[in-house]
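Numbering (full-length UniProt numbering), first residue to last: 1 to 773.
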């Protein structure tokens, strides 16, 4: 037995390029139970990270008692992440929400569903009558099911007619979505996890896969342990397990990713490491890209980034000489300055090398959450369902016909409202009701003192739908107890478009309800109707909701019409598009060199990478009439905020392998909480020596937004940078009442294209606290 806290990636099963990844079944059962003690095993998939690992839930005496990996699942071949092995225990926590709560006399008190829902519905109707639909907004998660997102999207757009609907996917994958839209005209990952099995070079750009997707890192480690191992290029200011395994590790200063990518592109183009035939046949924009990156020779790019030019050239030789290049991207790019611009340059790199659509050659613009892809497909993150283009009148008309409502009912007068703008509207008073489901913005959003002041306003009705009384729920006017994963049925889709079904294993506790049931109840009480007077929401449960989504997805890039609950139960994970033409799913997009970017079909007409301004439809059509992939060059611009003074440092926030988001579940899991119970700050040896700080010293980090106190860890992180994990709540009662949430410090700023908040380019001052440890 391997200790999966000490060894998160488990034992090695080496394999060679082109071979099938060997199976290894991971599992954990409570109280010394064995497989024979389990009453039943219920199919599901991982919910505490974005990898989408197939697993079975163990049930005994109508209680979840463990999990095991699914041997034949295409994603994980039986392996599980430590969070999945142990995190299910949070479902059984004694502090689960089991009854609705309503604020009375300044306190949250228990009530019944009738009273709670009446309060929400009465306020909704009042606001619609007095202020119109723009007074109501929804902020959801990347952890619900497809059926729930689609229902919420229809309620918001066709029921209420509000443009204010977004998810906390805005914090983790909005840039992934927009990078794909900019390059390919549409969302949807080109690559597949199986590309790891074939690649001879894997380049990870701001993607600490070892801690964010441990099973995918296990797959890479097994390739590294076998014959013909791939070379690894890692871009990360920290010395992560990925960096330590890399052939080349580039550790740029925060906010300089565009300069680094322009330097890599310069070297690749200057040495002729491009696929001219592929570019001529399938891509537009090469001349402008080549002209822009010509100004970024290795010496200049390296100077901007604070790295060695020789290392940059070596990395360029590796990616430029690859026969099968797999590039992955995550929060190190997405949450940093010029986020979309930098992520697009990764797409540019693969496109100029012709590394798209074949085994081992692809791009994965990674997600941070298990169902983030579903928010984007179903319209719960601000987009129109089915990857439809809000600027395309025919696309809006398609939805109006599908839902049988007037076109004018569906907001399409402007881009859908992103989360940070919704909070601004609430701050200014035009948004009067915010319904938050399965997320904890009182810890996860930037500049927390501002967020708390907005959420606790008397004029804002805050509705929170969750499984625990989170920091956000404590501020709510109405709290709705929700069913957790394993207590409801639905489907969800991972990063490489693999769809899994998760069947209900046990009943939710007390009066808690599935999120879908709560949304359906709201729609019924609001009496939303279509043009014929029939109920707008015609479905009544998860399977009928899935059928409704299939009708919406038909003919679109994310086509689900070839799937069914029965098929998913038989086959496990299946990649969309799955339809009559692709009845077994689709391993890779764009294998035929055809893209979703044709002007009448594309999800977007793209945006300017510097300003975020929308490109006009006629301009887009003129630049790309044949629907090819698009190269978008961009100049490097310095970050908006920079460290000052001798004790000034860059702050980057991120994850640790043992926790997910704000520890709502993992903080209630004994093994995971014991592995990382308290926040810490990571510093370089040179900065620690310069500032007189030793390992374990308590230090204070301060920014214009607030302060955080934490013990220091001295590591090989690059000089000038401090790292804080963002998982921890904003007040630590057990540690002398000190602030510990990283987002006390982070700046209210976001990428102009994706509108993703920038958590990795704030400036802080650091000092040793009096009294030391």
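Cβ atoms here follow ideal geometry from the backbone N, Cα and C, with glycine treated the same way.
Put simply, the region 445 to 456 does not touch the region 51 to 60. Fewer than three CB pairs are less than 8 Å apart. The C-alpha of residue 658 lies about 51 Å from the C-alpha of residue 533.
DSSP, reduced to helix, strand and coil, places residue 94 outside both helices and strands of the structure shown, so it counts as coil. A check of alpha carbon separations from residue 234 across 242, 89 and 228 identifies 242 as the nearest. Separation of residue 210 and residue 82 (C-alpha to C-alpha, rounded to the nearest whole angstrom) is 12 Å. Here DSSP, grouped into helix, strand and coil, assigns residue 598 to coil. Here DSSP, grouped into helix, strand and coil, assigns residue 356 to coil. Annotation for residue 588: no alpha helix (DSSP H) segment contains it, and DSSP assigns it neither H nor E. When DSSP assignments are scanned along the region 396 to 428, no uninterrupted stretch of beta strand (DSSP E) that is 3 or more residues long falls wholly within it. Annotation: residue 500 is outside any alpha helix (DSSP H); the continuous beta strand (DSSP E) that includes it extends over 498 to 502.
The criterion of a C-beta distance shorter than 7 Å is satisfied by residue 222 and residue 13.
Sixteen is the threshold: when 16 or more other Cβ atoms of the shown chains lie within 10 Å of the Cβ of residue 502, as they do, the residue is buried. If you look at residue 490, you'll find it in the beta strand (DSSP E) that goes 490 to 493. Around residue 182, the same chain offers 344, 606 and 632 as residues with beta carbons nearer than 6 Å, after the five sequence neighbours per side are excluded.
Under the three-state reduction of DSSP, residue 684 is assigned to strand. For residue 116 against residue 136, the beta-carbon gap comes to about 17 Å, at or over 8 Å, which does not count as contact.
The region 199 to 210 and the region 167 to 184 do not touch, with fewer than 3 CB-CB distances between them shorter than 8 Å. Considering only 635, 723, 199 and 702, the residue with the shortest C-alpha distance to residue 765 is 702. Taking each of 93, 336 and 254 in turn and checking the Cα distance to residue 758, the smallest one comes out for 336. In the structure shown, residue 28 adopts extended strand secondary structure according to DSSP, grouped into three states. Beyond the five residues adjoining it in sequence on each side, residue 355 comes within less than 6 Å, by CB distance, of 325 and 361 in the same chain, given in chain order. Around the beta carbon of residue 610, fewer than 16 other beta carbons lie within 10 angstroms, which makes this residue exposed. Of the residues assessed, residue 163 falls on the buried side of the cut-off, its CB having 16 or more other CB atoms within 10 angstroms. About 7 Å separates the CB atoms of residue 697 and residue 711; that is less than 8 Å, so the two are in contact. For residue 740, the CB contacts under 8 Å within the same chain, skipping 5 residues up- and downstream, are 678, 679, 708, 709, 710, 728, 729, 730, 731 and 732 in chain order.
Look at residue 449 here: in three-state DSSP terms it is helix.
Taking C-beta atoms under 8 Å as the contact rule, residue 720 and residue 208 fail to qualify, at a distance of about 19 Å. Distance between residue 407 and residue 529, taken at the CA atoms: about 14 Å.
With fewer than 16 other Cβ atoms from the protein chains shown falling within 10 Å of its own Cβ, residue 288 counts as exposed. Along the region 278 to 303, the alpha helix (DSSP H) occurs as fully enclosed runs of 4 or more residues at 286 to 293, listed in sequence order.
Taking a contact as a CB-CB distance under 8 Å, the pair residue 26 and residue 80 counts as one, their CB atoms being some 4 Å apart. Out of 499, 358 and 363, the CA that lies nearest to the CA of residue 377 is found in 499.
Short of 6 Å from the beta carbon of residue 157, and not among the five residues preceding or following it, lie these beta carbons of its own chain, in chain order: 410. A distance below 7 Å between beta-carbons, with the five flanking residues on each side excluded, links residue 213 to the following residues of its chain, in chain order: 49, 50 and 51. The C-beta distance from residue 695 to residue 714 rounds to 5 Å, short enough to meet the 8 Å contact threshold.
A direct Cα-to-Cα measurement between residue 644 and residue 652 gives close to 16 Å.
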